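Colleague: Same order as they appear, the protein sequences are chains P and H.
Start counting the first sequence at 1; every next residue gets the next number (the working numbering).
Start counting the second sequence at 1001; every next residue gets the next number (the working numbering).
One structure is given below, represented as structure tokens, and several questions about it will come after.
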Amino acid sequence: MVVVKNVLCSFCGCVCDDLEVSVEDNKITGVKYACALATEKFLHSQEERNPDPLMRADGGFRKVGLEEALDKAARILAEAKYPLLYGWSNTSCEAIKVGIELTEEVGGVLDNTATVCHGVGLEAIQDVGEPTGTLGKARHRADLIIYWGCNPSQAHIRHTTRYTAFTKGLFRSQRKDRKIVVVDVRKTVTSKTADLFLQIDPGKDYELLSALRMAVRDMEFETEAVAGVPVEKIEELAEMMVSCEFGMLFFGLGLTQSSAKNENIAAAISLVRDLNLKTKFLMLPMRGHYNVTGANKVALWQTGYPFAVDFSHGYPRFNPGETSAADLLVRGEVDAALVVASDPASHMPWAAVKNLANIPVAVVDPTLTATSLLADVRIPAAFNGIEYGGTVYRMDGVALKTRKFVEPPPNCLPDVEVLENILHKVRSLKEVA
Amino acid sequence: MELLIKNGIVFDPLNGIDGQKMDIAIRDGKVVESVSSGARVIDASNLMVMPGGVDLHSHIAGSKVNAGRLMRPEDHFRDPEAKTPTTRSGVGSTVPSVFTTGYRYAKMGYTTVFEPATPMLKARHTHDELDDIPILDKACFPLFGNDVILLEYLKAGRIEEAAGYVAWMLEAVKGYAIKIVNPGGLEAWNWGGNVLGLDEEVPNFGITPREIVRSLCKISKMLNLPHPIHLHPNNLGRPGNYETTIETMDCVRDLAGEKPVIHLTHVQFEGYGGRDWLSMSSEGVEIANYVNRHGHVSIDLGQLVFGNATTMTADGPFQFQLYQLTGNKWTNSDVEVETSAGVVPYFYKRSNYVNAIQWTVGLELALAVRDPWRVFLTTDHPNAGPFTAYPKVIAWLMSRKARERVLSKIPRMARKRSNLSSLDREYSFSEIAVVTRAGTARSLGLKNKGHLGVGADADVAVYPLNPREVDPSKDYKKVRKAFGNAVWVVKEGQVVVEKGEIKTAPRGKTFWVKPDIEEDVLRLAAANLKAKFREYYTVEFDNFIIPEDALARPQVLKAG
């Protein structure tokens, strides 16, 4: 048995990098220090997995050779007028780079899962900027932690023990050195450990953030409650914010995907910005997939835009609503799709999924997802961080490199290689044409 | 592969060549004595030939540059670049995407550009981006001036161990030189504060910026690093800050050696007199006078160019102040244990007297510092203007007439508070070659760059201008145009720009420095750090280290 130390976790945006994985005969037999969610991913990554390239035939799928599947995927892209290349958050930056080059080559649209997740937060940053910092800032300095619209105890399980409430930092040594505040529409496991919990009416985040900005500026309220929260509680939180030495606001999809979307985040940023006139305050989104941050970063440095990048004019264009995946699918504007390391059929609106089912689709994914079931061709891939190594970005933008510790099944190449193959084939097809 | 650049009018100041007509022979990426008759010939008759440009301070890659890209969609919309058979698509303007950065530098005849501010924890990101910038050779400077671990060593007076730590870090993150930004001030910014003088104590650490600068200067010398400490001093961007700037240069005077031991960067932002914005004046000449009298200092300009810019520095408190001043959008990005950073878009107006004074400061410095080997051309891209404005700055340096044209249009108050109109000096082509390649290459310790002698890297720029016919003083527009678009650019012996267009875009190298330190001292430093690493960082020691093979084309430079 081999024990691999300091393994990076390729599950959520925390990208914990202190895991220990035991491997015996190319089989993962144990995982130490990982959270429950990650443990399951590691232990079962080698099971429940169809390692075959598949192609649609007679209302079902037939097994094909890898080469044939790659040819088919390349043909789908080369023949399309306006293809969508979607996913990218569960793979390596190296694969994302090839994905961008491929999208540019076929004049399509590159979009990543941030488009239905934290993308609105990125749009807010385009409008107003963002006071942020790495996770270690919260660990060493923060005496006030706010979790807004997120439930780390169940979604980012080690967040509180590695970075916030239950960790030891240079200037904060124990739990009682910090105040924890939770703002959510319901009681959660996280809210039970909080010093203050504000239960907010669903969809009223913008109102509460605006009220907090008022309270921080010592303005009077002419009402008893805002967003279902009594004014006294709002003032109590405002007082905690103003009087802390170092505050940090973490926010999740409860804030990004409730009704005012990017305006919610702009309001949160404005609140944090105001607070910096009085104390030190930072904020950070609780990014979901382990490399969704990387997908945004690579797209930014190569194209200038973080997601929803359209190459149909030959140069990068960005206009979410027009160039974002769900909108393109709902309007039926794209005529083919390549889905990499993502499952839009499970997460997109029904109207989008319906149109996705009506166009040629190629899927590259280690597992057999719902999207692969409506695809024309499905190419299996190896798991990043288990079966091959690649660069990933933690939720706070710290880049790390995953490692390979088991061999992938035959036919399962790292997706960077799959994509390089497809790119090469697309170029030859276009040359022939 | 062989190449012969024939009959060009060559400016190669490191080899004493000042406008002589000669041939440059190239084989296998290097300049050689001669080539065979089969060599490809580039006819450079009556064209100006210089070594490839070397930029020692331009924010082209990394976490804060990408934060700038995220914040500036309105900037990208203005300046898209479409894909061509030889180039990738991208966006330009003040925070260009990586491919566009490489192409635009190459088109100006630049072949080496250094990214000057990298948090160690985010160095992997910087290298990721540097690897993606085509054509150019690159490197990055890690930020040490507010590093908690370093400050603790200094507080305890353990400079030998601090030197071991710096050496280990430089090697671990594949950095090139010691960068210091607002020493001590960024640690204070962790609590929303700042440090406003060289002798003000850093909160919680009981040491002063003076001690930080002096210690790092000593460490840089102990490790025999090829480039001196690269310093962005305290009080940047504040009226009256020129005194701090001079004090900072003076605080390491006793450490002087054969070459400069301190490089002050983007000094335009550090050369202001007055007590507030109303009474602000240019003190570029004061600083230049200090530089003229003291050989231990070199500077670069950070020349301001009117128009659109994106300010980005590790100086978090300064950026916050700029946000308060302008009300523009503001990004702050702090990195645990090490540093902060900030980004604020800015538009420099010729009609604004503060901006106009800033414009004069950089030019005063360039014209009043007598030794061109210790003053370099930068715009602190994209802080005082984008690198694509270099040709404009060159025209101002070479032509009093070009300067007067702008001077006549700036507010009278700005003219009165600057000495610029009294400076008659006009740079020669040779001096331009010094401040844009020969001098910078020498300052960086790049022995094969910035010149065209036998053995040099075959990085060559051929500009569409006959320096024997054109009088830059009068025809400054021709000069500007020529430096903006080279006819031919050769990188490592390969023609990358032909007839002004990108012909091919090979991958450049990334330099990193292996400090001059005994192996057992380094091992001890590593062991000490490993033992306490988890107390400081949220990543594991082993995952923090960037192995050499993580870089696409690393090139190690042994110090000493």
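Where is the CB? At the ideal position from N, CA and C, for every residue including glycine.
Keep in mind the model is a prediction, meaning the values are calculated, not measured.
From what residue to what residue does the alpha helix (DSSP H) around residue 1217 of chain H run?
Modeller: Numbered from 1 along the second sequence, position 217 holds the residue referred to as residue 1217 of chain H. Boundaries of the alpha helix (DSSP H) harbouring residue 1217 of chain H: 1209 to 1222, taken from the DSSP string.
Colleague: Which chain H residues sit within Cβ distance under 7 angstroms of residue 141 of chain P?
Modeller: For the purposes of this step, residue 141 of chain P is taken as the residue at position 141 of the first sequence. Neighbours of residue 141 of chain P on chain H, chain order: 1190.
Colleague: To the nearest angstrom, how far is it from the Cα of residue 383 of chain P to the Cα of residue 366 of chain P?
Modeller: Against the first sequence, residue 383 of chain P aligns to sequence position 383. Against the first sequence, residue 366 of chain P aligns to sequence position 366. Their backbone Cα atoms lie some 6 angstroms apart in a straight line.
Colleague: In whole angstroms, what is the alpha-carbon distance linking residue 1018 of chain H and residue 310 of chain P?
Modeller: Within the second sequence, numbered from 1, the residue matching residue 1018 of chain H stands at position 18. Within the first sequence, numbered from 1, the residue matching residue 310 of chain P stands at position 310. If I take the Cα positions, the gap works out to 49 angstroms.
Colleague: Between the alpha carbons of residue 1323 of chain H and residue 1245 of chain H, how many angstroms are there, rounded?
Modeller: Translated into positions along the second sequence, residue 1323 of chain H becomes position 323. Translated into positions along the second sequence, residue 1245 of chain H becomes position 245. Going from the Cα of residue 1323 of chain H to the Cα of residue 1245 of chain H covers about 23 angstroms.
Colleague: Using a Cβ-Cβ cutoff of less than 8 angstroms, which residues in the same chain neighbour residue 1029 of chain H once the five nearest sequence positions on both sides are dropped?
Modeller: Sequence index remark: in the second sequence, residue 1029 of chain H carries index 29 (1-based). Closer than 8 angstroms at Cβ, skipping near neighbours: 1457, 1458, 1492, 1493 and 1494.
Colleague: Looking at the strands, I want to know which residues DSSP matches up with residue 1140 of chain H.
Modeller: By 1-based counting over the second sequence, the position of residue 1140 of chain H is 140. Answer by DSSP bridge pairing, in chain order: H:1115.
Colleague: Using a Cβ cut-off of 7 angstroms, pull out every chain H residue sitting near residue 128 of chain P, in sequence order please.
Modeller: Here the question's residue 128 of chain P lines up with position 128 in the first sequence. Per Cβ cutoff of 7 angstroms: 1329.
Colleague: Mind pulling the beta strand (DSSP E) runs of 3 or more residues that sit fully within the region 1295 to 1329 of chain H?
Modeller: Runs of beta strand (DSSP E) with 3 or more residues, each lying fully within the region 1295 to 1329 of chain H, are found at 1297 to 1300 and 1307 to 1313, listed in chain order.
Colleague: By the criterion of Cβ-Cβ separation under 8 angstroms, what are the contact partners of residue 17 of chain P in chain H?
Modeller: Numbered from 1 along the first sequence, position 17 holds the residue referred to as residue 17 of chain P. Ordered by position in chain H, the residues that pass the 8 angstroms Cβ test against residue 17 of chain P are 1539, 1540 and 1543.
Colleague: List the residues of chain H whose Cβ lies closer than 8 angstroms to the Cβ of residue 88 of chain P, in chain order.
Modeller: Translated into the one-based positions of the first sequence, residue 88 of chain P becomes position 88. Going along chain H, no residue has its Cβ under 8 angstroms from residue 88 of chain P, so there is no contact; the nearest lies around 15 angstroms.
Colleague: Give me the Cα-Cα distance between residue 1466 of chain H and residue 1453 of chain H, rounded to the nearest whole angstrom.
Modeller: What you label residue 1466 of chain H is simply residue 466 of the second sequence in a count that begins at 1. What you label residue 1453 of chain H is simply residue 453 of the second sequence in a count that begins at 1. One C-alpha to the other measures close to 22 angstroms.
Colleague: Select from P:260, P:256, P:214 and P:225 the residue whose C-alpha is nearest the C-alpha of residue 434 of chain P.
Modeller: Lying before the first or after the last residue shown, residue 434 of chain P is absent from chain P, which here runs from 1 to 433.
Colleague: In chain order, which continuous runs of the alpha helix (DSSP H) of length 4 or greater are located wholly inside the region 1422 to 1465 of chain H?
Modeller: 1429 to 1433 and 1439 to 1444
Colleague: To which residues does DSSP link residue 1105 of chain H through a beta bridge?
Modeller: Counted from its first residue, the second sequence places residue 1105 of chain H at position 105. Answer is none; residue 1105 of chain H lacks a bridge partner.
Colleague: Below 8 angstroms between beta carbons: does that hold for residue 1553 of chain H and residue 1504 of chain H?
Modeller: Residue 1553 of chain H sits at position 553 when you count from the first residue of the second sequence. Residue 1504 of chain H sits at position 504 when you count from the first residue of the second sequence. Going by beta carbons, residue 1553 of chain H and residue 1504 of chain H fall outside the 8 angstroms limit.
Colleague: Using CA atoms only, rank isn't needed, just tell me which of H:1343, H:1175 and H:1318 is closest to residue 126 of chain P.
Modeller: Here the question's residue 126 of chain P lines up with position 126 in the first sequence. The shortest Cα separation from residue 126 of chain P among H:1343, H:1175 and H:1318 belongs to H:1343.
Colleague: Can you list the beta strand (DSSP E) stretches of 3 or more residues lying completely in the region 148 to 228 of chain P, in chain order?
Modeller: 179 to 184 and 196 to 199
Colleague: Could you give the DSSP three-state label for residue 1168 of chain H: helix, strand or coil?
Modeller: Within the second sequence, residue 1168 of chain H is the residue found at index 168, counting from 1. If DSSP states are grouped into helix, strand and coil, residue 1168 of chain H belongs with the helices.
Colleague: What residues are listed by DSSP as bridge partners for residue 1359 of chain H?
Modeller: Taking the first residue of the second sequence as position 1, residue 1359 of chain H is located at position 359. According to DSSP, residue 1359 of chain H bridges with nothing at all.
Colleague: Just to make sure I have the definition right: I need the residues of chain P whose C-beta is within less than 9 angstroms of the C-beta of residue 1205 of chain H. Which are they?
Modeller: Along the second sequence, read from residue 1 onward, the residue named residue 1205 of chain H stands at position 205. Within chain P, no residue comes near residue 1205 of chain H; the closest Cβ sits about 11 angstroms away, beyond 9 angstroms.
Colleague: Considering only the alpha carbon of each residue, which of H:1546, H:1506, H:1386 and H:1240 lies closest to residue 1272 of chain H?
Modeller: Against the second sequence, residue 1272 of chain H aligns to sequence position 272. Considering only alpha carbons, the answer is H:1240.
Colleague: Which term fits residue 77 of chain P, buried or exposed, when burial requires 16 or more other beta carbons within 10 angstroms of its beta carbon?
Modeller: In the first sequence, counting from the first residue as 1, residue 77 of chain P sits at position 77. So residue 77 of chain P counts as buried.
Colleague: For residue 1043 of chain H and residue 1002 of chain H, what's the separation of their Cα atoms in angstroms?
Modeller: On the second sequence, residue 1043 of chain H is found 43 positions in, with the first residue counted as 1. On the second sequence, residue 1002 of chain H is found 2 positions in, with the first residue counted as 1. Cα to Cα, the separation comes out at about 14 angstroms.
Colleague: Can you list, in chain order, the stretches of the beta strand (DSSP E) that have 3 or more residues and sit fully within the region 1033 to 1073 of chain H?
Modeller: 1040 to 1043, 1048 to 1051 and 1053 to 1055
Colleague: Closest to residue 243 of chain P by C-alpha separation, out of P:216, P:401 and P:224, would be which residue?
Modeller: For the purposes of this step, residue 243 of chain P is taken as residue 243 along the first sequence, with counting starting at 1. Out of P:216, P:401 and P:224, P:216 has the C-alpha closest to the C-alpha of residue 243 of chain P.
Colleague: I'd like to know if the region 93 to 111 of chain P and the region 262 to 278 of chain P are in contact, where contact means that at least 3 CB-CB pairs between them fall below 8 angstroms.
Modeller: no
Colleague: Short of 8 angstroms Cβ to Cβ, which residues in the region 308 to 330 of chain P face chain H?
Modeller: 311, 313, 314, 315, 316, 317 and 318
Colleague: To which residues does DSSP link residue 1272 of chain H through a beta bridge?
Modeller: By one-based count along the second sequence, residue 1272 of chain H stands at place 272. Its beta-bridge partners are H:1282.
Colleague: Within this structure, are the beta carbons of residue 283 of chain P and residue 131 of chain P separated by less than 8 angstroms?
Modeller: Within the first sequence, numbered from 1, the residue matching residue 283 of chain P stands at position 283. Within the first sequence, numbered from 1, the residue matching residue 131 of chain P stands at position 131. The answer is yes: Cβ separation under 8 angstroms.
Colleague: What's the C-alpha gap between residue 1546 of chain H and residue 1421 of chain H?
Modeller: As a first step, residue 1546 of chain H is located in the second sequence; it is residue number 546 there, counting from the start. As a first step, residue 1421 of chain H is located in the second sequence; it is residue number 421 there, counting from the start. Cα to Cα, residue 1546 of chain H sits roughly 50 angstroms from residue 1421 of chain H.
Colleague: Under 8 angstroms Cβ-Cβ, which residues of chain H neighbour residue 399 of chain P?
Modeller: Counting from 1 along the first sequence, the entry for residue 399 of chain P is found at position 399. Chain order gives the chain H residues near residue 399 of chain P as 1122, 1124, 1125 and 1128, where near means a beta carbon separation below 8 angstroms.
Colleague: Residues in the same chain with beta-carbon distance under 8 angstroms from residue 1607 of chain H, minus the five sequence neighbours each way, listed in chain order, please.
Modeller: Missing from the structure shown is residue 1607 of chain H; chain H here goes from 1001 to 1560 and no further.
Colleague: Which residues, taken in chain order from the region 111 to 128 of chain P, show a beta carbon closer than 8 angstroms to some beta carbon of chain H?
Modeller: 122, 125, 126, 127 and 128
Colleague: Exposed or buried, which one is residue 179 of chain P when buried takes at least 16 other CB atoms within 10 Å?
Modeller: Counted from its first residue, the first sequence places residue 179 of chain P at position 179. Flag for residue 179 of chain P reads buried.
Colleague: Between which two residues does the alpha helix (DSSP H) holding residue 1536 of chain H run?
Modeller: Reading the second sequence from its first residue, position 536 is the one you call residue 1536 of chain H. Start and end: 1519 to 1536.
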